[in-house]
Structure formats: structure tokens, C-alpha cells
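Numbering (full-length UniProt numbering), first residue to last: 1 to 790.
Heads up, the beta-carbon is just placed ideally off N, CA and C, and yes, glycines get one too.
Just below is one structure, and these are the notes that go with it.
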């Protein structure tokens, strides 16, 4: 392919990246390790390419190949959504079971065969393997003078109703039923399959309840505008909406037009016209059938749809009976056959014309047909679900993940073979070496195990260094007590402003200062967030409004910018915390109790809800807390990271830890995709014969059902976690049995955040308890968990 042609294929009209043409013979390996060989391109969609394919690698793919592979750039979202639905809905055994239960001979839904990712010429692609189908109904309908016979229209309606009933029972709505998404069987011209689940979405919550009847302006007019339901015009999705879309299609197939076709570029006008006609069905049918008899049964089908409420389950058998009565009224035999009166085994071969615009010509020849060979492009097809990148080291830790494989401490802790005692010894040795130089008053460059760029690594500052904040208040640095990403964390105190000669009490310091180079990419983000949303009064207002006793968001005390030894530093002053959960988890044998895991999840859910309400995403619940407001990250990603963290706390491991330790991001992503739609298998892998943490499976199911832009229902998450806690026999008192004397902990990755000075201070304030007294205490003090926000 020439450079000029690559440029032409850069972007689709809808803004999505177009797939580069991949040559025949390329080998694809799906997530089940099945290998596929690619044939010729046989069609194209809005932003993907469709190829014939075979699982026989010993010979080239012929024209009679029984499979196709749909390929789309990895950054695009529709195919990701489609694969997700195929995993959940299109498994062969699930379809067969439903057919047997309903005594249904045929169900027009594709069977999921395989999916995966491919790197080609430096670009990453997502692919879906499907059985091969014939031509799409749009092409047949247009070739037949934009008209189908009454028998075909009604039999098509019956077949599609079966598919919609099945999809709805699986908890999804299709949202984009149309002729170009209906494909004739490759071997039978009387069977039609509904494909393209790129706009499909869940209509049920995790508790199995229909989502509320609340408009969402962000999703308004999603779908193909000709057929979009009235619900979808205002950003709501329901089962009655799918039936309404089907009714519009049947109306167009039988009369050749829809009254609002001339206004398709004006979405609000289309919505108004639809509302007008559905309030007066006789006028709609008079407009569509001015001189001919309307399709029997179609008027009654519209009338039935208008009786449905937003959350009502349609009575599909009534709808099928209406259509069968229409067949009988028109004098046709109810044999399920389609007389499409068009040669269905035609293929649309694309002749691509290179130039300033991407054009195509259809040359219809008598040969095999494509699965999606040149669908008609809708005037407006807004895809709500953009690309979702799973929580992998490449994304969630892209700033904090280690880039140095020679660092001994980092390599040991990443692999997970270091005991807590080893970590403590290594950490103390490192601190001793740095203290020798810092006592001489010199800045020491810290070798960060977390930083990916040494240019941003902060120099270690000496004890006693004075910093002045934006209000002119002085802060005196104590010892370094931790590090995060490119930052260094110190104890700090503020000498009384009215008695500057007083010596700061650094041993019992109640504050911590986090310092980063001014040029560090994360320093500005974190300061902006803290300044706007971590003010004590704002946190307290939100907490009181939600009637919460505790919210684990650190309070901002102060901030500033200072120049030291020719370098500019940003700093944040916050309240000081105790041990981090990673150290406590490792001390506890890499395991927390089920009660602790669930209560930690509930506390952190409150924090994430607050962060999301502020319009930000956390994006790293577990590691170094870099907040990036990015289009690739979503609120559901924060919840997904929390779920992985809870899984590790309760089981002691994650299935992809070995790959993560080697920075093999592709392998980690593959592993997560493998378990993405099989949560029971993920839990079996982690827990083995042990009982899984209560509520965690439902939490994963809820997260994976969320759409890209959907706002999580935090109360729903907390409710089923609390209910699972009670069902497991625990009291819902919010207490954490971490088996430690520390009263407040901070979620942060770096093990050296254990604060020895703070421990000494606590010893002075309270009598020391023996280990037996701590472990056997029947009423442990509640432990609060704070989540630093960056």
C-alpha cells in the first residue's frame, strides 16, 4: 500500500480510525490459541475491514471459506463492545439451550467463534471471528426496487422478534436493527441473521432491575437516525425501543419510504415527526400507503408497541401472533419462507479509488457474498462506547511503572518473592546510605523504583530545609518517609508564627510534605485537584450531604513553589497518615479477611464517588495515584481497578502477576480479556477450593455490564457488598481487622511509607499492647482508609 493510500485510509467520516488493509496469508491467533489464516478482503464497514478466513493453515483461503474475520483498529470502540456482547450472548451452547427450551428450529443470531488482538506494521488491531453469511437485506431490498413482498416482511418480522426476545432475556438491547445489519444465511436464503452489536448495551442493573427512565443527553439520537426509537432520541434504551425500531424497518420494507427521510440531517426534526405520527397512526399509514393496501398486521404491531411502558417486558408471542394473523389475512401459508426475489449469492467487490477522498464502487458479480459487504452509511451514527483499554500496567501505571529491571529492590518486590522482613532490611539500608549524604546538607538524587523518566526524579532534600507556601507560612522538612512516582515525601512541621524561635517537633510531626520537580508531568495535575477539591470545607460539605461519618480523601493543608539549589519544586502539605495497605497486607501473609476486603471496598467506593462527582478520574486506586483526565479512562475503569485490588487482597494473587512482573503489558491485557466475560473462571483461578470474598463476583459482573460513559450506581455497589457481608455472617459495622496497631492507613504502593516516627509518637500517647492482646481483641477499633488523589 502506498503512503498516499495509507493517508486516505486514516479517518472515517464518523471520526474513527480506518483499518489498514492486511495482506492475505497473515496468521491471526485468538484468545483460545486457535490460529486462523486470512484470505482476501470481501467487504468493509464504517471503520473496519472484513476478510474471508480459514482454520486450515496448510493452504490458501479459497472463495468458499466458511469463516470471516472482522478487523478494526484497537483504538476504536464499536468492535470492542461487539466482542463483549458476543462473549455474553452468542455462545453456541447458550443459543442451543434457548432453542430447545422454546422449541425453536432456527434462531438468527451469529455464533461466537473467536476474538483477539493483532500487531501489524506497528499498529494494533482487534479482531472477531464469525461464521460466514450471505448478502445483507439492504442490498437485496434496493436491488428489488426498494420493496419486499408482504410475506417476506411478516416472516422477517417473526424471525427478528425471536432474536430480540433472546437478546433481551440475556439483559441486552440491540439498538440498531436495520436491513444492513440483517444478513441472509450463506447456505439458506430463508434464514436471516441479526449482526453488528456495536451499539448494544445493557438495560438491566447488576441487581437485575431495569435501568431508570431517565434521559441522557450525551446518548441522545444514538443509532441510525431513520429507525432510532423515541426513547433513543432522548438517550434512553429499552426493549420497547428495539420493537419500535423493527416496526420502522418493516414499514419501510413494505412501502419503500419513511415520512421523515428528507429530514435525516436534522435529528430533532426527525424526533418531532416521529412523535407526531405515532400520536396519529392512521395518518402515518395514510402517508406511507396512499394508494396501496398496508401490510396486514403492521398497524396492530405499532398499536401494541405504543401500549408498552418504558420498563415493560414485551409479550413477544402476542407480536408473533399479530404477524401470523397478518399472513393468514393476506392469504399466505405460514411456512417461514422468504421470497426476496433477488439473487442473494451476490458479492460486492470494492474497487477503491485513491485520491483526496475515500470512494468506493460496487461491482456486483455472481459469486460468494460478504458478511457486511458495504453497508449503507447512516446519516448519523453516534457510538456511545468508545475504546475501552483494560486496566493493565501499560495504562494504569504508565507513569509509575518501573522502567529499570536492574534495581534489586524493585525486581524482588515485583516478582513477589521478598518477605516483609527482607523489604524492611533493604529499605533501611537504602535510607542509611542516603542519610549519610543528606546530613551533610547536600541534595541527593533519589533512584526511584517507580519513575519511568529520571529527568523528573526529585532530589532528596536535607533535614531542616525550610519551604515557604503561597500564604507565606514556613514549613520545616523532617526525614524522608516515602516516595511516590517522581516525588519524595517528608515529615514536616510549621513553627509557631508568633514565636519563630521555637524548635519544630519533627519527631511527632503531624504533617507530610510531598515534593516534586516543577516540570514533573504529574505535579500540576495533583496540585490542581487538591486545590480545587481537597479543601476541608468542600470535603465536609459533601460528607454531610451524604450523611457519612468518614470520607477517605486527604485534606489539603497548604501548597507552594520554591527554588532550591537552582531547581524549582512544587510541594503539597497534607495531614500525615500511618502505614500503607501494601505493607500491612504483606505483613499479614498477603491476605486480608473477607470482612476487611469488603469494608475497604465500601470505603474506597465513597472516595471514588466523590472524585467522580468532582469531574475527575483516579485511574490508579492501587499504585502511585496519578490522576489524568483522559478520554481513554472512565469511571468504570476506576471500579475495575478497585475490584482487582479487592481480589488480590482476599486471594493473595492475580492470574497475570508473572506477566506484570516482566512488564509484558500485551500478555497482561490478553489475560484480562480472557477472564473479562468469565468471572467464575477468574475466581476459581484465584481462590481454588477456598470460598471467594462475598459480593466480589456480583461487583465484577456489575462493572463489566457498565457502558463506557455510564455513571456507576455507587449505592447499588455498596448495597450488594454490605448484603454479601451480612450473608457471610459478619456484622456490618465498617470495622477493619488488619491486625495492626496503626489506626489510619493510606493506600499507596511504596512499601517505605511505614512511619517509624509516627509509631514512636503513638507509643507515647497510648499504652503498648502485646501481640496476643491485639490479635485476640474482640472489639477492634475501626480503621479508616484514606485514598490519596492525584
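Take the alpha-carbon of residue 123 and the one of residue 667: they are about 17 Å apart. Inter-residue distance for residue 21 and residue 591 is about 49 Å (C-alpha atoms, whole angstroms).
Within the DSSP bridge table, the entry for residue 124 names 119 as partners.
Check the Cα spacing between residue 606 and each of 149, 59, 87 and 547: the tightest is with 547. Contact check between the region 75-89 and the region 54-67: fewer than three CB pairs, one atom from each, fall below 8 Å, which does not count as touching. Residue 184 and residue 273 have their C-alpha atoms some 32 Å from each other.
Non-local C-beta neighbours of residue 468 in its own chain, meaning closer than 8 Å and more than five positions away in sequence, comprise 474, 475, 560 and 562, ordered along the chain. Under the 8 Å Cβ criterion, the region 160-172 does not count as touching the region 223-233, having fewer than three qualifying pairs. Counting the other CB atoms within 10 Å of its CB gives residue 733 a total below 16, which places it among the exposed residues. Between the alpha carbons of residue 714 and residue 253 lies a gap of roughly 44 Å. Between the region 183-201 and the region 134-142, the count of Cβ pairs shorter than 8 Å is three or higher; the stretches touch. Excluding five sequence positions before and after residue 214, the CB atoms of its chain that fall closer than 8 Å to its own CB belong to 236, given in chain order. The Cβ atoms of residue 173 and residue 256 lie no closer than 8 Å to each other. Short of 7 Å from the beta carbon of residue 693, and not among the five residues preceding or following it, lie these beta carbons of its own chain, in chain order: 594, 597, 598, 646 and 650. Counting C-beta pairs with one atom in each stretch, the region 330-338 and the region 150-158 have three or more that are closer than 8 Å, which means they touch. Under a 10 Å Cβ-count criterion, residue 554 is classified as buried, with 16 or more other Cβ atoms of the shown protein chains found around its own Cβ.
Nearest to residue 248 by alpha-carbon distance, out of 116, 239, 177 and 264, is 177.
Between residue 207 and residue 726, the CB-CB gap reaches or exceeds 8 Å. Residue environment: residue 635 is assigned as buried (16 or more neighbouring CB atoms within 10 Å of its CB, all protein chains considered).
Residue 511 is bridged by DSSP to 492 and 575.
Listed in chain order, the beta strand (DSSP E) elements of length 3 or more contained wholly in the region 247-310 amount to none. Taking 8 Å as the cut-off, the Cβ atoms of residue 109 and residue 204 do not count as close.
By the neighbour-count criterion, in which 16 or more other beta carbons inside 10 Å mark a residue as buried, residue 56 falls on the exposed side. In this structure, 730 is the residue among 564, 220 and 730 with its C-alpha nearest to the C-alpha of residue 695. With 16 or more other Cβ atoms from the protein chains shown falling within 10 Å of its own Cβ, residue 191 counts as buried.
Annotated three-state conformation of residue 567 is strand, per DSSP. Going by DSSP, residue 136 is part of the beta strand (DSSP E) stretching over 133-136. For the pair of segments examined, the region 114-133 was found to touch the region 30-47: the number of CB pairs separated by less than 8 Å reaches three.
Sequence-distant Cβ neighbours of residue 283 in its own chain, meaning closer than 7 Å and more than five residues away, are 277.
Cβ contact annotation for residue 705 (same chain, cutoff 6 Å, sequence separation greater than five): 202, in chain order. In the DSSP assignment, residue 558 is bridged to 573.
The C-beta separation of residue 167 from residue 89 comes to about 6 Å, placing the pair in contact by the 8 Å criterion.
Assigned with DSSP and collapsed to three states, residue 173 falls in strand. Looking at 118, 51 and 534, the one whose alpha-carbon comes closest to that of residue 73 is 118. Take the alpha-carbon of residue 306 and the one of residue 295: they are about 18 Å apart. A straight-line Cα-Cα distance of about 9 Å links residue 68 and residue 133.
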